[in-house]
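Undergrad: Mapped onto the numbering used here, the consecutive letters of the sequence shown carry residue numbers 2 to 308.
For each residue, glycine too, the CB sits at the ideal point set by N, CA and C.
Here it is: the structure, laid out below.
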Amino acid sequence: MYTISDLIEETGNQPRAVRLAFIDFKVRFSGRIYRTEIVDEFGVSEPLATKDLNEYKQLTQQNNIHPKSHQIKLDTYSPLVAIDARKALEMHFEGFCRHKLHSHKSLYYKRACDLKTDLDPDAVAVITRAITDKKRVVGEYISANSHDRNIRTLEPSTVFFDGLNWVFRAKDIKEAPHLSIFKSFHFSRFERITHTNEDSLSSVNDDSEWNTLIPIQLSLHPNLDDKGKEAIRIEFGMGNNEDLVVVEKAVFAWSLLERWAVDSGTTPCKVPTKANRFKFYLKNADMLRHVNSVERMMHDYVITTEM
């Protein structure tokens, strides 16, 4: 397996090396490559795209794709180019970027709270190919909400980044059909995961939490002092005496409440200003009780501390 720098040196041609990396990326994470994708991505001619495909086949000893369909050969595929799993997820859903193939780190930029856990690119590829091909996958998942570590059969449908973790939505298939529901799964919590040839019977349209938009009404937390309130109004673009109303997918509600430091109790907690960690409180908490991702964070008790 090459780094992109090694591949450039091997081919002696940087633009061609990037196109070969693109082909490998599409094969690995989408399960196939179309000649037109090379043409559209790089603005090259069809004959040149064909030449790139032939070179890719030679470099991989004909082991990675079928000659005519250019679909992945799952039994013999071996990556041509090393790609970080998180960067691959970004490119799969946002578009290919040659700069993400490099491992260069800037002295002037760093993502805070970046998880050190390495995502397995092969496991990620199983999920992204399953979404593309509408297939089921099988894997062992470590859940934070239950002791259930049995083998799960899943029908993956969508992917999102919650500000800390890469997560995918999938229907969790049970023997009793009424127990088969859509859930969120962290890529990093799978012990192992494999593809199947079984077709998914569900689609993204069946995931109600993904497709339902909810209004989240946030008010500045009463524990904040005047300086704190002013700073948050500026940070979030709020006018004086205004609430912040965010319309978001229901499945993202938990992430938003957690990342934006929202007190999701039915009554705002009461703590000294210096001990307060909340920016907002959920003003329409009662209205959102029926939303699963909100209900898990709600409480009916009032937190109090001597002022």
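1) Can you pull the DSSP bridge partners for Pro269?
2) To the nearest angstrom, how far is the alpha carbon of Ala18 from that of Thr61?
3) Return the chain-ordered ranges of every beta strand (DSSP E) run that is complete within the segment 225-290 and spans a minimum of 3 residues.
4) Quick check on the burial criterion: 16 or more other C-beta atoms within 10 angstroms. Buried or exposed for Cys270?
5) Any idea if Gly32 is buried or exposed, counting beta-carbon neighbours within 10 angstroms, 16 or more meaning buried?
6) Roughly how many angstroms lie between the CA atoms of Val246 and Glu10, to the nearest whole one?
7) By DSSP, does His196 sit in helix, in strand, or in coil?
8) With a CB to CB cut of under 6 Å and the five nearest residues on each side skipped, what residues in its chain are close to Thr77?
9) May I have the straight-line CA-CA distance separating Leu165 from Lys27, to the nearest angstrom?
10) Chain B beta carbons: is any one of them nearer than 8 Å to that of Glu192?
11) What's the C-alpha gap between Met308 and Asn224?
12) Nearest to Ser265 by CA position, among Val292, Lys69, Met239, is which residue?
13) For the putative contact between Leu289 and Leu219, defined by C-beta atoms under 8 Å, what is the C-beta separation to the nearest angstrom?
14) Who are the near neighbours of Asp226 in its chain, counting only those whose CB is closer than 7 Å to its CB and skipping five residues on each side?
15) Taking DSSP as the reference, what is the three-state secondary structure of Asp173?
16) Over the uninterrupted alpha helix (DSSP H) stretch that includes Gln15, give me the two end residues.
17) Could you tell me which of Phe161, Tyr142, Asn198 sits nearest to Asp173, measuring between CA atoms?
18) Contact defined as beta carbons within less than 8 Å: I believe Arg170 pairs with Thr159. What is the distance between those atoms, to the nearest angstrom?
19) Using a Cβ-Cβ cutoff of less than 8 Å, which residues in the same chain neighbour Ser201 once the five nearest sequence positions on both sides are dropped?
20) Would you call the segment 229-243 in contact with the segment 207-216, where contact means no fewer than 3 C-beta pairs closer than 8 Å?
21) Given this structure, state the Cα-to-Cα distance separating Pro16 from Phe30, to the nearest angstrom.
22) Please identify the residue among Val127, His179, Lys88, Gly140 whose C-alpha is closest to the C-alpha of Ser104.
23) For Ala86 versus Leu120, is the C-beta spacing smaller than 8 Å?
24) CA-CA distance, Val272 and Leu180?
TA: A quick look at the data gives this:
1) As a first step, residue 269 must be located in the sequence shown, where it is residue number 268. In the DSSP output, where bridge partners are listed per residue, Pro269 has none listed.
2) As a first step, residue 18 is located in the sequence shown; it is residue number 17 there, counting from the start. As a first step, residue 61 is located in the sequence shown; it is residue number 60 there, counting from the start. Computed Cα separation, rounded: 14 Å.
3) 245-250, 281-283
4) Taking the first residue of the sequence shown as position 1, residue 270 is located at position 269. Under this definition Cys270 is a buried residue.
5) Translated into positions along the sequence shown, residue 32 becomes position 31. When all chains shown are included, Gly32 counts as buried.
6) Start at 1 with the first residue of the sequence shown, and residue 246 comes out as number 245. Start at 1 with the first residue of the sequence shown, and residue 10 comes out as number 9. Cα-Cα distance, rounded: 53 Å.
7) Residue 196 sits at position 195 when you count from the first residue of the sequence shown. His196: strand per DSSP, three-state reduction.
8) Your numbering for residue 77 matches position 76 in the sequence shown. So the qualifying residues of the chain are Asn64.
9) On the sequence shown, residue 165 is found 164 positions in, with the first residue counted as 1. On the sequence shown, residue 27 is found 26 positions in, with the first residue counted as 1. In a straight line, the C-alpha of Leu165 is about 25 Å away from that of Lys27.
10) Checking the listed chains, one finds no chain B in this structure; it contains a single protein chain.
11) Here the question's residue 308 lines up with position 307 in the sequence shown. Here the question's residue 224 lines up with position 223 in the sequence shown. Reliability of the predicted coordinates at Met308 is poor, the pLDDT of 48 falling under 50, and the value obtained from them is presented with this limitation in mind. Roughly 11 Å separates the two Cα atoms.
12) Position 264 of the sequence shown holds residue 265. If we check each option's Cα against that of Ser265, Val292 comes out closest.
13) As a first step, residue 289 is located in the sequence shown; it is residue number 288 there, counting from the start. As a first step, residue 219 is located in the sequence shown; it is residue number 218 there, counting from the start. About 12 Å; that fails the 8 Å criterion.
14) For the purposes of this step, residue 226 is identified with residue 225 of the sequence shown, where counting begins at 1. For Asp226, where only same-chain residues beyond five positions count, the Cβ hits under 7 Å are Thr274.
15) Taking the first residue of the sequence shown as position 1, residue 173 is located at position 172. Look at Asp173 here: in three-state DSSP terms it is strand.
16) For the purposes of this step, residue 15 is taken as the residue at position 14 of the sequence shown. Run containing Gln15: 15-31, per the alpha helix (DSSP H) assignment.
17) Locating residue 173 in the sequence shown gives position 172, counting from the first residue. Comparing C-alpha distances from Asp173 to each of Phe161, Tyr142, Asn198 shows the shortest one belongs to Tyr142.
18) Taking the sequence shown and counting its residues from 1, the one referred to as residue 170 is at position 169. Taking the sequence shown and counting its residues from 1, the one referred to as residue 159 is at position 158. With a Cβ gap of about 5 Å, Arg170 and Thr159 count as contacting.
19) Sequence index remark: in the sequence shown, residue 201 carries index 200 (1-based). For Ser201, where only same-chain residues beyond five positions count, the Cβ hits under 8 Å are Ala131, Lys135, Lys136, Arg137, Glu156, Pro157, Ser158, Lys172.
20) no
21) Taking the sequence shown and counting its residues from 1, one reaches residue 16 at position 15. Taking the sequence shown and counting its residues from 1, one reaches residue 30 at position 29. About 21 Å.
22) On the sequence shown, residue 104 is found 103 positions in, with the first residue counted as 1. Looking at the Cα atoms, Lys88 is the closest of the given residues.
23) Indexing the sequence shown from 1 puts residue 86 at position 85. Indexing the sequence shown from 1 puts residue 120 at position 119. Cβ distance < 8 Å, so Ala86 and Leu120 count as in contact.
24) Taking the first residue of the sequence shown as position 1, residue 272 is located at position 271. Taking the first residue of the sequence shown as position 1, residue 180 is located at position 179. In a straight line, the C-alpha of Val272 is about 41 Å away from that of Leu180.
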